[in-house]
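Peer 1:
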Ligand SMILES: NC(=O)c1ccc[n+]([C@@H]2O[C@H](COP(=O)([O-])OP(=O)(O)OC[C@H]3O[C@@H](n4cnc5c(N)ncnc54)[C@H](OP(=O)(O)O)[C@@H]3O)[C@@H](O)[C@H]2O)c1
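Residue numbers (our numbering): 2 to 291.
Here's what the structure looks like:
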């Protein structure tokens, strides 16, 4: 397939490019090549390339940056997504939009969260993602919205790339720093390699909104504990955080029902951690041999 991916230098897009380089005709566009806040430029670049599919990963994904820079982040996360959708409509491309489990933060009942819940996101980033979802689907009812959870990998592709749960934990271990992770926080923490494995099938889903991450029974604290156990590192530096979300446990775990009905089955978070470590070992062997 002829596929364009926005936010090409970012965490998710750079790994999709790496994984699919021999499988599809791909073009990863960075902000320098197409600033999604520039409606005309976005239209021109997408219409000229005329891909079958645009995977829209470009965003400000840091929640604190969104809070601190509401106007700039709104232009990118909401208006930018709308610009991509409008350009896709003009070029006849299908849009696959990366949304977030943060749209569910604010729903207090126990999860897992379902795609059809009434939403009222607490944080600005979640509000922006929800608004972007609505605008994209208004323009492109056949668009596919994937609500991603917190994704991890064993490495950073570039020093300036944001950390993930695994790289943060390892950095803390390296520095001998105490770590605290919440016991009242539940998320569909997902190995990026697994997300990418299912993404190809997701490109062909009927238009609509889909949760897209691993099932998980464990709190974030328990997930980190399991990572340390699997790595064989000792637990001395890890402590439970019993204050965060103590009033109202946060449950952003993603119901799998809708995806399962289309034959997409994610492994659970613990299996994702195992796979991540296996892939890391394979890479080490490959690089050692090379
Ligand atoms: N990573 C996760 O765990 C996670 C979880 C849930 C949802 N998501 C969503 O998944 C998508 C990808 O996430 P990610 O972690 O890969 O994000 P990321 O690493 O922050 O990458 C986002 C990319 O978007 C680009 N970008 C920013 N402003 C732009 C603009 N005006 N025009 C074009 N591109 C622009 C950035 O380029 P510059 O660096 O040049 O600014 C960056 O390369 C995002 O929509 C994010 O909200 C991610």
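Where is the CB? At the ideal position from N, CA and C, for every residue including glycine.
What did DSSP end up calling residue 271 once you bin it into helix, strand or coil?
Peer 2: DSSP places residue 271 within a helical segment (H, G or I) once states are collapsed to three.
Peer 1: What does a CB cutoff of less than 6 Å around residue 4 pick up in its chain, not counting 5 residues either side in sequence?
Peer 2: Cβ neighbours of residue 4 beyond the five flanking positions: 25, 27, 52, 54.
Peer 1: Where in the segment 52-112 do unbroken runs of the beta strand (DSSP E), each at least 3 residues long, occur, reported from the N-terminal end onward?
Peer 2: If we require 3 residues or more, the beta strand (DSSP E) runs fully inside the segment 52-112 come out as 54-57, 95-101.
Peer 1: What did DSSP end up calling residue 184 once you bin it into helix, strand or coil?
Peer 2: coil
Peer 1: Just to check, is the beta-carbon of residue 99 closer than 7 Å to a non-hydrogen atom of ligand 3?
Peer 2: As presented, the structure is devoid of ligand 3, carrying ligand 1 as its sole ligands.
Peer 1: Have a look at residue 1 and residue 133 and give me their C-alpha separation to the nearest angstrom.
Peer 2: Beyond the ends of the chain as shown, which are 2 and 291, falls residue 1; an answer cannot be given.
Peer 1: Note the first and the last residue of the continuous beta strand (DSSP E) segment covering residue 149.
Peer 2: 145-149
Peer 1: Does any residue of chain D bring its CB to less than 8 Å from the CB of residue 286?
Peer 2: In the structure shown, chain D does not exist; there is a single protein chain.
Peer 1: Taking Cβ to Cβ, would you say residue 1 is nearer than 8 Å to residue 150?
Peer 2: Any answer about residue 1 is impossible in this case: the structure gives the chain only from 2 up to 291.
Peer 1: Look at the Cβ atom of residue 203, then the Cβ atom of residue 265, and state whether they are nearer than 8 Å.
Peer 2: yes
Peer 1: According to DSSP, what are the bridge partners of residue 6?
Peer 2: 29, 56
Peer 1: Measure the CB-CB distance between residue 220 and residue 186 and report whether it falls below 8 Å.
Peer 2: yes
Peer 1: Quick check on residue 155: does DSSP put it in helix, strand or coil?
Peer 2: coil
Peer 1: Determine, using beta-carbon pairs with one atom in the segment 221-231 and one in the segment 176-192, whether at least three such pairs fall under 8 Å.
Peer 2: yes
Peer 1: Quick one: complete alpha helix (DSSP H) runs, 4+ long, within the segment 240-266?
Peer 2: 258-262
Peer 1: Would you call the segment 151-169 and the segment 234-242 touching, i.e. three or more CB-CB distances under 8 Å?
Peer 2: no
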